[in-house]
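Here's the structure we're looking at; comments come further down.
Structure below.
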């Protein structure tokens, strides 16, 4: 569970928090879609996103700068389109 120390309304499990929310923007439908996409990635891969990394400030900074889980090989095309958005 992640909650900003500045109490600015950012909360959630870090790998699932949308980059724009980490930038201080409000939660929106787009940020919910991002979170859902990460959930689908976990469902398809069977692995938690960024499971080999500490869920700390560095990871939040990396996500903020565009870090994403790797696209899974042999993923069905219908999912691939959504995960790349």
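Numbering (UniProt numbering), first residue to last: 1 to 85. Glycine included, every Cβ here is placed at the ideal spot set by N, Cα and C.
- Task: Kindly indicate which residue of 44, 78, 58, 56 has the alpha-carbon position closest to the one of residue 70.
- Result: 44
- Indicate whether the contact test is met: 3 or more Cβ pairs, each with one atom in the stretch 44–55 and one in the stretch 23–30, closer than 8 angstroms. no
- Rounded C-alpha distance that separates residue 19 from residue 78: 24 angstroms
- beta strand (DSSP E) segments (min. 3 residues) lying fully within the stretch 10–50: none
- Query: Out of curiosity, what's the CA-to-CA distance linking residue 5 and residue 11?
  - Reply: For residue 5, the predicted model reports a pLDDT of 48, less than 50, meaning its position is unreliable; a value from the coordinates is still stated below. Answer to the nearest angstrom: the Cα atoms are 10 angstroms apart.
- Query: For residue 3, which residues of its own chain have a beta-carbon under 6 angstroms away from its beta-carbon, when the five flanking residues on both sides are left out?
  - Reply: Its pLDDT being 49, under 50, residue 3 is placed unreliably in this model, and the coordinates cannot settle the point.
- Message: Taking a contact to mean a Cβ-Cβ separation below 8 angstroms, would you say residue 16 touches residue 38 in this structure?
- Response: yes
- Coil, strand or helix - residue 63 by DSSP: helix
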